[in-house]
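Chains as they are written, first to last, in the working numbering: chain A, 8 to 450; chain B, 8 to 450; chain C, 8 to 450.
Taking it in order: structure first as C-alpha cells, then the write-up.
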Amino acid sequence: MVSAERVTVIDESVPAADSSPPLDLHGLVKELYPINRSLTGSGVRGTLAIIGRYIDLQIHEVKSGTAVLDWHVPMEWNIRGGTITSMDGRRLVDFAAHNLHVLGYSKPVEGVFSRSELAQHVHTLPDQPDLIPYRTGYYADNWGFCLPHSLWQSMTDDQYRVRIDSEIAPGSLTYGEFFLPGETSDEILVTCHICHPSLANDNLSGIAVMTALAMRQAGRKRRLGLRFLFLPATIGAITWLDRNEARLDRIKHGLVLTCIGDPAGFHYKQSRSGADIDRAVAHVLRHSGHPYEIMPFNPYGYDERQFCSPGFDLPVGCLMRSVHGTFPEYHTSADNPDFVKPEALAQSYLTIGTILSLLDNDRIYLRVDGRGEPQLGRRGLYRAIAGQREAGGVTQMDLLWFLNLADGNHSLLDMAIRADIPFARLEAAARLALEASLVEEKS
Amino acid sequence: MVSAERVTVIDESVPAADSSPPLDLHGLVKELYPINRSLTGSGVRGTLAIIGRYIDLQIHEVKSGTAVLDWHVPMEWNIRGGTITSMDGRRLVDFAAHNLHVLGYSKPVEGVFSRSELAQHVHTLPDQPDLIPYRTGYYADNWGFCLPHSLWQSMTDDQYRVRIDSEIAPGSLTYGEFFLPGETSDEILVTCHICHPSLANDNLSGIAVMTALAMRQAGRKRRLGLRFLFLPATIGAITWLDRNEARLDRIKHGLVLTCIGDPAGFHYKQSRSGADIDRAVAHVLRHSGHPYEIMPFNPYGYDERQFCSPGFDLPVGCLMRSVHGTFPEYHTSADNPDFVKPEALAQSYLTIGTILSLLDNDRIYLRVDGRGEPQLGRRGLYRAIAGQREAGGVTQMDLLWFLNLADGNHSLLDMAIRADIPFARLEAAARLALEASLVEEKS
Amino acid sequence: MVSAERVTVIDESVPAADSSPPLDLHGLVKELYPINRSLTGSGVRGTLAIIGRYIDLQIHEVKSGTAVLDWHVPMEWNIRGGTITSMDGRRLVDFAAHNLHVLGYSKPVEGVFSRSELAQHVHTLPDQPDLIPYRTGYYADNWGFCLPHSLWQSMTDDQYRVRIDSEIAPGSLTYGEFFLPGETSDEILVTCHICHPSLANDNLSGIAVMTALAMRQAGRKRRLGLRFLFLPATIGAITWLDRNEARLDRIKHGLVLTCIGDPAGFHYKQSRSGADIDRAVAHVLRHSGHPYEIMPFNPYGYDERQFCSPGFDLPVGCLMRSVHGTFPEYHTSADNPDFVKPEALAQSYLTIGTILSLLDNDRIYLRVDGRGEPQLGRRGLYRAIAGQREAGGVTQMDLLWFLNLADGNHSLLDMAIRADIPFARLEAAARLALEASLVEEKS
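Okay, structure coming up:
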C-alpha cells in the first residue's frame with residue numbers, strides 16, 4: 008500500500024555540537040562564586056580574567072572621576088576583611104567566611120561600638136532569620152554589616168569591637184567586551200552584569216551562559232555582528248553607552264541576561280518600544296516546550312533601564328528565569344551555587360543560542376513568480392499521491408506557508424509567527440524553495 | 008537597622024478643601040425637586056435662579072420660533088394646574104399633588120369625557136402599578152395624564168371631568184451658562200439637562216453636582232477654560248450648538264452628567280470617535296476604588312447625541328451611575344429625593360473633580376538629557392541604601408516611570424495608563440523632576 | 008392608553024421568492040452523484056451539461072499541454088472500466104459499482120499480478136475498514152485501486168487478474184463560467200470545484216448551491232457583476248487565472264464554496280490579507296442564528312490557494328460547513344447523498360444569497376446636514392410620544408445609528424458591525440433617511 012508522507016526530513020533540533028555548552032557552566036558558576044565583586048575593584052578584574060580563559064575578552068579600565076553621561080565613574084573599592092568581635096575576642100561576623108557580610112562600598116572603620124550604635128549599621132532579614140542579606144551603600148560614605156537575624160538577636164552584649172579593612176580610593180572601573188563581526192555593520196548586543204559578589208543566579212548564571220555563547224559563536228560566519236558586554240550594573244552600562252554613543256545605531260537587537268540559572272520558567276521583559284527582539288524571543292519560547300511568561304517593559308530591573316532610556320530607546324529586552332525580587336533566595340546567601348542547576352543553565356544556553364541564530368538568519372524572500380502555486384510535483388517537492396501528513400521535518404504545509412508568504416513583505420519570523428510554525432522549519436522550507444529557484448532573497 | 012523607604016511622601020488624596028462639596032448637594036436636590044420643569048417655561052427659570060445663588064450664571068433666553076440647526080425653538084409651555092375629577096366632585100388626579108401627573112407640553116383642556124375617551128390620554132405602568140410614569144408630548148398638540156395603574160383600574164365611572172390649565176404660547180427657551188476662562192483658549196465642556204420635572208436622579212443629581220463643581224472651580228487658576236451648560240435636553244443643546252458653532256473647535260474635552268446621584272457603580276459612555284476624555288475617565292475610575300463600567304458610544308442617551316453628531320463629532324462622553332432605562336425608578340415617581348444618596352452625590356462630585364483636574368494638569372514633559380538614567384542620588388532623589396518599597400506617595404518606581412517616558416511623546420495621562428499608576432503620583436513625580444531640572448515642559 | 012412603538016415595520020427576512028431555492032438542490036446532488044468526474048474528461052463535460060439546463064453556462068475547453076502560469080494543462084483522462092478479478096473469475100472490485108474504486112488518472116493496465124505486486128497499487132483505510140477511500144494520481148504515471156480494507160484483507164489469493172480500461176491522451180480541460188454583469192465593472196467571484204467523482208458534500212453541494220444562486224440572481228439588477236466559476240480544482244483555477252489575468256482587478260470580493268451540504272455549523276476561512284468579504288461573511292453568520300466559526304487564512308484548502316497566492320492576493324475567502332479533512336466521511340464512499348441534507352443545502356443557499364446581497368447593497372451615505380440630530384418628528388420619523396421599543400423592523404435606534412454614522416466614512420457594513428445590528432435593518436433605515444432627504448449617497 009502507498010501512503011503519503013512528508014516531503015523531506017529536516018531535523019528540527021539544533022545540531023548536536025550546539026546542544027551542549029562548550030564549557031562546564033555550573034563549574035564556572037562555582038569557580039566564580041567566592042570572589043568578592045562590586046562596581047569596581049580586584050574582584051571584577053579577577054572575574055574577567057577567568058572569563059578571559061574562554062574568550063579573547065577586551066578589558067576596559069575607566070578612571071575614577073571620569074564623566075559618563077549624567078554620572079561620574081566612582082572611586083574604586085577594595086576590601087581585605089571585616090569583622091564584628093565580642094569584647095572577649097570571639098569573632099562573631101567575618102567577611103572571610105562570607106563576602107555578603109560587609110555592606111558593599113563600606114568605608115574603613117575600626118573601634119568599639121555600643122549595640123545600639125552598631126544597630127544603625129546592621130542589616131538583617133527578620134522574615135528569613137537564617138540568611139545573610141545582600142546590601143550595598145554605593146556613593147553613601149557609610150559602612151555596614153549584613154548578618155542573619157537570628158545571629159543578631161543572639162548578640163546581646165553591650166559593646167562590640169568592629170573592624171572593616173577597606174579602601175575607597177581613585178582607581179578605575181573595569182568592564183569586558185567581546186565583539187564578533189558580521190557581514191554587515193548591524194549588531195546584536197548581549198549583556199550581563201558582573202558586580203554582584205557571592206550570588207549565583209544573580210548573576211553568575213548570566214556570566215557563565217554568556218561566556219559559553221560567546222565561545223560557541225566565535226568560530227562562525229554571521230550576518231550580524233555580536234557584541235557581548237560584561238558590565239558592572241548601571242554605571243558600567245552608562246560608561247559603555249557614553250563611550251560608544253556614536254555607534255549605537257548599529258544595535259538592531261539586544262538582550263540583557265540575568266538570573267538564568269534556576270529551574271523556573273523563562274520570563275522575558277519586552278523592550279521599551281517594541282521590537283523584533285520581542286517577537287523573536289516570544290516565538291522561540293512559544294516553541295521551546297518550556298513554561299514562560301512575557302512581561303511588558305517597565306523601567307526597573309537591569310541594564311535595559313539604561314539601554315531603554317528615552318534618549319537611546321534601543322531595542323533591548325531582558326531574559327530571566329526567576330524574576331528579581333520575586334524569589335525568596337533573591338539577594339541573600341541562599342542564592343548560592345546549589346540554587347543554580349546545571350540543566351537549567353544548559354537550557355538557557357540552548358534557548359538563547361536559538362534566539363541569536365533566529366535573529367541572524369531572519370530573511371525576506373520573494374517569489375520569482377507568485378501567480379498561483381508553483382507546480383511542486385515536477386520539482387520533486389510534492390509526493391505523487393495526493394494527501395499529506397504532518398511530520399517532524401518540513402511538511403507540505405510548511406512549504407505552502409512559505410511560498411504563500413514569500414511576497415517580499417514577510418520576513419521568515421513574520422511567517423513563523425503568522426503560521427505558528429517553528430522558525431527552523433520555515434528556514435528549511437526556504438532552503439528547498441531557494442534550491443528550486445522558486446524564490447529569491449530580497450536584498 | 009536601616010530599611011529602605013519611599014523617596015518622599017505625597018498625599019494622593021485630593022486636598023481636604025476639595026473633598027467636601029461647597030454646598031449641600033442633597034439639600035439642593037430636595038429644594039429643586041417640587042419645581043415643574045420642562046423644555047421651557049417658568050420652572051426652568053426658577054431652577055436657574057436657585058442655581059444662580061451659588062454661581063454667577065449667565066441666563067440666555069431664545070425666542071420661540073428661532074431657527075436652530077434643523078429645529079425651531081418651541082412655543083413656551085406653562086401650566087397652572089390639571090385635574091381629573093369624578094362627576095360627583097372628588098379630585099382623583101391633581102397636578103398640584105405631583106407634577107408628573109400631567110403629560111409634558113399638554114395643551115389646555117376642559118370638559119367631561121367618557122372613560123374610553125379619557126383612556127386615549129392616560130399613561131400608566133401596568134408592571135409598576137403604584138408609580139406615576141413620566142411622559143411628555145413635545146411638539147404633539149396633545150394632552151394627557153400620567154397616573155398609577157392601580158388608580159386607573161379603580162376609576163370605573165363612565166365619565167370624568169377633566170381640566171388642564173396650561174398655555175402653549177410664544178415665549179422663549181431658557182438655558183444657563185457659566186464660563187471660567189483658562190490660560191489658553193482650549194475648553195472643557197460640562198453639561199447637564201434641566202428639563203425634567205420632579206425626577207431626582209434624572210437629573211437634579213447632575214444639576215446639583217455640576218453647580219458644586221462650578222462653584223469650587225470658580226476661584227482657581229487653570230490652563231483650560233471650563234464651560235458649564237445647564238440645558239433643556241436636545242433642543243437646548245441644539246440651540247447652544249447653533250449659537251456657538253464658530254467656537255466649537257475650542258472644546259478639547261466634554262462630559263455630559265446625568266443620573267449621578269444613586270448609589271450604583273459608575274457608567275461611562277465613550278465619545279463617538281475616541282478621545283482623551285475617554286482615557287481620562289477610564290483611568291480615574293480604574294483608580295477610584297469604585298465599581299464602574301465603560302460602555303461604547305451609541306447614538307441614544309443624553310446630549311452627547313448632539314455633541315457627537317457627525318457634523319460636530321466633539322470629544323464628549325457621558326458619565327452616569329445607573330444607566331437611563333435600566334433601573335426601575337427611571338422616569339417614574341420613584342425617582343425621588345430618597346432614591347438619591349448624599350454619599351453618592353459627594354462621590355460623584357469628587358470623581359468628576361478629579362477628572363477635571365487631570366485634564367487640566369495633563370502635560371508633556373521632555374528629559375533635558377534622556378541618555379541613560381540620571382543620577383538620582385546626588386539630587387537627593389534616591390535613598391542612599393538600595394532597595395525600595397512602594398508607599399502611599401511617590402515611589403522610586405513612579406519616578407523611574409516618569410523619567411523613562413518623559414520623551415516628549417507621552418503626556419502624563421499616557422504615562423499613567425502605561426504604567427498603571429494613578430495620575431496624581433506621576434504628577435508629583437513630574438514636580439520632583441522639574442525641581443531637579445531633569446525635565447522641562449514641552450511647549 | 009398610548010404606547011410607543013417602532014417607527015415602521017420592515018420585514019427582516021429575505022423576500023419569500025428568495026428563501027426557497029429555484030431548483031431541487033438535493034435532487035441535483037443525487038443526479039450528479041454517479042458521474043465519474045476528474046480534472047478532465049467526459050464526466051466533467053456531462054456535469055456541466057446538466058448545470059447548463061438551469062443557467063446559460065459558457066463552456067471553455069483548453070487544450071492539453073497549454074502553458075498556464077507555472078503549469079501545463081494535463082492530458083485528458085477517460086475511463087470505461089476497471090476490475091480486479093480472482094483467477095477463478097469472480098469480480099471482486101468493479102469501477103462500474105463505484106467510481107471511487109479506481110485511482111484517479113490511472114493509466115490502463117491489464118494482467119495478472121501477485122498479491123504483493125497488487126498491494127503496491129491498493130489504497131485502503133485500515134481505520135475505516137468498510138469505506139472506499141478517494142485517491143488520485145494526477146501527473147503520476149501510475150495506476151491503482153481503492154477498496155474497503157475489510158475486502159482487501161479477505162483477498163488472500165496469491166494472484167489476481169487486473170484490468171483498467173482507461174485512456175490518458177491529448178484532449179482538453181473543461182470548465183464552466185456564468186457571468187451576470189452589474190452597473191459597474193466591479194465583480195464578485197463565486198467558485199466551486201467540479202473535479203471530484205462520487206463525493207456528495209465535497210463538492211456536489213457546492214455545485215448545486217452555486218447553480219441555484221446563479222439561477223436566482225440571473226433576473227436581477229445589480230451594482231456588482233457576479234461571476235460564477237465551475238472549475239476543476241487547482242489546474243482549473245490556474246487556467247482561469249492565466250486567461251483572465253488582465254481583468255483580475257475587477258474582483259472586489261470572492262467566495263469559494265465547498266462542503267456546504269452537511270448539517271454542521273458554518274466555517275468561514277478568511278482571505279489572505281483581510282477584506283470586506285471577511286467582514287461581510289462574519290456579519291451575516293453572526294446574525295444568521297446558525298452556529299459558525301471564523302478561521303484565519305491558511306495556504307491549504309481549495310482554490311483560495313490560487314486566488315490568494317502572493318502574486319494575486321485577491322480578496323477571496325472560503326465558506327464551508329464541515330471542514331475538509333476533519334469529518335470521517337471526507338474523501339470516502341461515505342460522502343454520499345445521504346450525508347448531504349436538503350435543509351442544510353437550503354440554509355447554505357439562503358446564507359450565501361444574503362452575503363451576495365449585502366455586498367451588492369453596501370453603500371456609503373453622507374448626512375446632508377450632520378450638525379446635531381435632525382428633527383425626526385416633523386418628518387414623520389418619530390412617534391409623538393417619547394419612548395421607544397425595539398421591534399422586528401427599523402427601530403428608532405437603528406435610525407439613530409444610521410444618522411449618526413452617515414458621515415461619508417462608514418459604509419452600511421461598517422455601521423452594521425459597529426452598531427451590531429443586522430445589515431438589512433440599517434439598509435431599511437437608509438431608505439427612510441434617503442426618502443426624507445436627510446442623507447445622500449456618496450458617489
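All C-beta atoms, glycine included, are put in the ideal place defined by N, C-alpha and C.
### Task
Please name the residue or residues paired with Val-169 of chain B in a DSSP beta bridge.
The residue labelled residue 169 of chain B in the question sits at position 162 within the second sequence. Answer is B:Ile-91, B:Gly-118.
### Task
Return the CA-CA distance between Leu-99 of chain C and Leu-439 of chain A, expressed in angstroms with no decimal places.
Within the third sequence, the letter at position 92 stands for residue 99 of chain C. Within the first sequence, the letter at position 432 stands for residue 439 of chain A. Going by the C-alpha atoms only, they are around 43 Å apart.
### Task
Give a yes or no on whether 8 Å exceeds the smallest Cβ distance from Glu-397 of chain B to chain A.
For the purposes of this step, residue 397 of chain B is taken as the residue at position 390 of the second sequence. Note that Glu-397 of chain B scores 39 on pLDDT, short of 50, meaning its location in the model is unreliable; the coordinates nonetheless yield the value given after this. So, not an interface residue.
### Query
Less than 8 Å separating the beta-carbons of Leu-206 of chain B and Asp-342 of chain B?
Taking the second sequence and counting its residues from 1, the one referred to as residue 206 of chain B is at position 199. Taking the second sequence and counting its residues from 1, the one referred to as residue 342 of chain B is at position 335. Cβ distance < 8 Å, so Leu-206 of chain B and Asp-342 of chain B count as in contact.
### Query
By Cβ distance below 6 Å, which residues in the same chain neighbour Phe-2 of chain B in space, the five residues on each side in sequence not counted?
Only positions 8 to 450 of chain B appear in this structure, which leaves residue 2 of chain B out of reach.
### Query
Using a beta-carbon distance below 8 Å, is Gln-65 of chain A in contact with chain C?
Taking the first sequence and counting its residues from 1, one reaches residue 65 of chain A at position 58. Answer no: the Cβ-Cβ gap between Gln-65 of chain A and chain C never drops below 8 Å.
### Positions along the region 249-265 of chain B whose CB lies within less than 9 Å of some CB in chain A
Residues: none.
#### Entry: Rounded straight-line distance, which links the Cα of Arg-374 of chain C to that of Arg-223 of chain C
The residue you call residue 223 of chain C lines up with position 216 of the third sequence. The residue you call residue 374 of chain C lines up with position 367 of the third sequence. The C-alpha of Arg-223 of chain C lies about 34 Å from the C-alpha of Arg-374 of chain C.
### Task
Quickly, what does DSSP pair Trp-78 of chain A with across the bridge? List them, please.
Working through the first sequence from its first residue, we reach residue 78 of chain A at position 71. In DSSP, Trp-78 of chain A forms a bridge with A:Val-75.
### Query
Going by beta carbon distance, what residues of the same chain come within less than 7 Å of Asp-137 of chain B, once the five residues before and after it are set aside?
Numbered from 1 along the second sequence, position 130 holds the residue referred to as residue 137 of chain B. Here the set comprises Pro-155, Ser-157.
### Task
Go through its chain and collect everything with a Cβ distance to Asp-1 of chain C's Cβ below 7 Å, but skip five positions before and after it.
Because chain C is modelled from 8 through 450, residue 1 of chain C falls outside the range shown and cannot be assessed.
### Query
Is any beta-carbon of chain C found at less than 8 Å from that of Leu-454 of chain B?
Not covered by the structure: residue 454 of chain B. The range shown for chain B is 8 to 450.
### Task
Take Arg-230 of chain B as the anchor and find which of B:Leu-363, B:His-79, B:Gly-72 has the nearest alpha-carbon.
Working through the second sequence from its first residue, we reach residue 230 of chain B at position 223. The shortest Cα separation from Arg-230 of chain B among B:Leu-363, B:His-79, B:Gly-72 belongs to B:Leu-363.
#### Entry: Unbroken stretches of the beta strand (DSSP E), 3 residues or longer, contained in the region 273-343 of chain B
Entirely contained in the region 273-343 of chain B, the beta strand (DSSP E) runs reaching 3 residues are, in chain order, 273-276, 299-302, 323-327.
### Task
With DSSP collapsed to three states, give me the class of Val-69 of chain C.
Numbered from its first residue, the third sequence carries residue 69 of chain C at position 62. Val-69 of chain C: strand per DSSP, three-state reduction.
### Task
Give the residues from the region 65-89 of chain A that approach chain B closer than 9 Å (Cβ to any Cβ), ordered along the chain.
Residues passing the 9 Å Cβ filter: Val-75, Leu-76, Asp-77, Trp-78, His-79.
#### Entry: Within-8 Å CB hit, Gln-277 of chain B to chain A
Translated into the one-based positions of the second sequence, residue 277 of chain B becomes position 270. Gln-277 of chain B does not count as touching chain A.
### Task
Would you tell me roughly how many angstroms separate the C-alpha atoms of Pro-239 of chain B and Tyr-356 of chain B, rounded to the nearest one?
Here the question's residue 239 of chain B lines up with position 232 in the second sequence. Here the question's residue 356 of chain B lines up with position 349 in the second sequence. Each residue's Cα considered, the two are about 21 Å apart.
#### Entry: Simplified DSSP state of Gly-261 of chain C, which is helix, strand or coil
Sequence index remark: in the third sequence, residue 261 of chain C carries index 254 (1-based). Note: Gly-261 of chain C maps to strand in three-state DSSP.
### Message
On the CB-based measure, 16 or more other CB atoms within 10 Å of its CB, does Val-16 of chain B come out buried or exposed?
### Response
As a first step, residue 16 of chain B is located in the second sequence; it is residue number 9 there, counting from the start. For Val-16 of chain B, the pLDDT reaches just 35, beneath the cut-off of 50, and the residue's location in the model is therefore unreliable, leaving the point undetermined.
### Task
Would you grab the beta carbon distance between Leu-406 of chain B and Ala-436 of chain B for me? Rounded to a whole angstrom, and I think it's under 8 Å.
Taking the first residue of the second sequence as position 1, residue 406 of chain B is located at position 399. Taking the first residue of the second sequence as position 1, residue 436 of chain B is located at position 429. With a Cβ gap of about 5 Å, Leu-406 of chain B and Ala-436 of chain B count as contacting.
### Query
Which chain A residues are close to Pro-381 of chain B, counting only those with a beta carbon under 7 Å from its beta carbon?
Mapped onto the second sequence, residue 381 of chain B falls at position 374. Chain-order list of chain A residues neighbouring Pro-381 of chain B: Asp-77, by C-beta distance under 7 Å.
### Message
Relative to the C-alpha of Ile-371 of chain B, which candidate in B:Phe-409, B:Asp-101, B:Arg-432, B:Glu-184 has its C-alpha closest?
### Response
On the second sequence, residue 371 of chain B is found 364 positions in, with the first residue counted as 1. Minimum Cα distance to Ile-371 of chain B is reached at B:Phe-409.
### Task
Buried or exposed for Val-288 of chain A, please, with buried defined as at least 16 other CB atoms from any protein chain shown within 10 angstroms of its CB.
For this step, residue 288 of chain A is matched to residue 281 along the first sequence. Note on Val-288 of chain A: 16 or more other CB atoms within 10 angstroms of its CB, so buried under the neighbour-count rule.
### Query
Do we get a CB-CB distance below 8 Å when we pair Leu-206 of chain A with the residues of chain C?
Along the first sequence, one-based indexing puts residue 206 of chain A at 199. Chain C places no beta carbon closer than 8 Å to that of Leu-206 of chain A, leaving this residue out of the contacts.
### Task
Please name the residue in C:Thr-333, C:Leu-180, C:Met-94 whose C-alpha comes closest to that of Thr-5 of chain C.
Here chain C covers residues 8 to 450 and nothing more, so residue 5 of chain C does not appear.
### Message
Considering only their Cβ atoms, is the gap separating Trp-78 of chain C from Gln-382 of chain A smaller than 8 Å?
### Response
Counting from 1 along the first sequence, the entry for residue 382 of chain A is found at position 375. Counting from 1 along the third sequence, the entry for residue 78 of chain C is found at position 71. With a cutoff of 8 Å on beta-carbon distance, Gln-382 of chain A and Trp-78 of chain C are scored as near each other.
### Message
Distance cutoff 8 Å, beta carbons only. Does Tyr-146 of chain A sit that close to anything in chain B?
### Response
Start at 1 with the first residue of the first sequence, and residue 146 of chain A comes out as number 139. Yes - at least one Cβ of chain B is within 8 Å of the one on Tyr-146 of chain A.
### Query
Counting Cβ pairs, one atom from each stretch, are 3 or more of them under 8 Å apart for the region 170-180 of chain B and the region 54-69 of chain B?
The region 170-180 of chain B makes contact with the region 54-69 of chain B: 3 or more CB pairs, one atom from each, lie closer than 8 Å.
### Message
For the region 259-273 of chain B against the region 210-229 of chain B, do three or more pairs of beta-carbon atoms, one drawn from each stretch, fall closer than 8 Å, so that the two count as touching?
### Response
Per the Cβ contact rule, the region 259-273 of chain B is in contact with the region 210-229 of chain B (3 or more Cβ pairs under 8 Å).
### Message
Please report the distance separating the alpha-carbon of Glu-380 of chain C from that of His-417 of chain C.
### Response
For the purposes of this step, residue 380 of chain C is taken as residue 373 along the third sequence, with counting starting at 1. For the purposes of this step, residue 417 of chain C is taken as residue 410 along the third sequence, with counting starting at 1. Cα-Cα distance, rounded: 17 Å.
### Query
Measuring CA to CA, which of C:Glu-434, C:Asp-376, C:Ser-123, C:Ser-444 is closest to Arg-386 of chain C?
Taking the first residue of the third sequence as 1, we reach residue 386 of chain C at position 379. With distances taken between Cα atoms, Arg-386 of chain C lies closest to C:Ser-444.
### Task
Note down, in chain order, each residue of its chain lying with its Cβ closer than 7 Å to the Cβ of Tyr-337 of chain C, except the 5 sequence neighbours on either side.
To locate residue 337 of chain C, count along the third sequence from 1; it is residue 330. Here the set comprises Asp-209, His-331.
### Query
Taking Cβ-Cβ distances shorter than 8 Å, what residues in chain C pair up with Phe-319 of chain B?
Translated into positions along the second sequence, residue 319 of chain B becomes position 312. Per Cβ cutoff of 8 Å: Gly-377, Arg-378, Gly-379.
### Query
Would you call the region 129-144 of chain C and the region 102-111 of chain C in contact, with 3 or more CB pairs under 8 Å?
Output reads yes: the region 102-111 of chain C touches the region 129-144 of chain C.
### Strand pairing of Val-109 of chain B, partner residues [DSSP]
Looking up residue 109 of chain B in the second sequence gives position 102. DSSP output for Val-109 of chain B lists B:Phe-152 as bridge partner(s).
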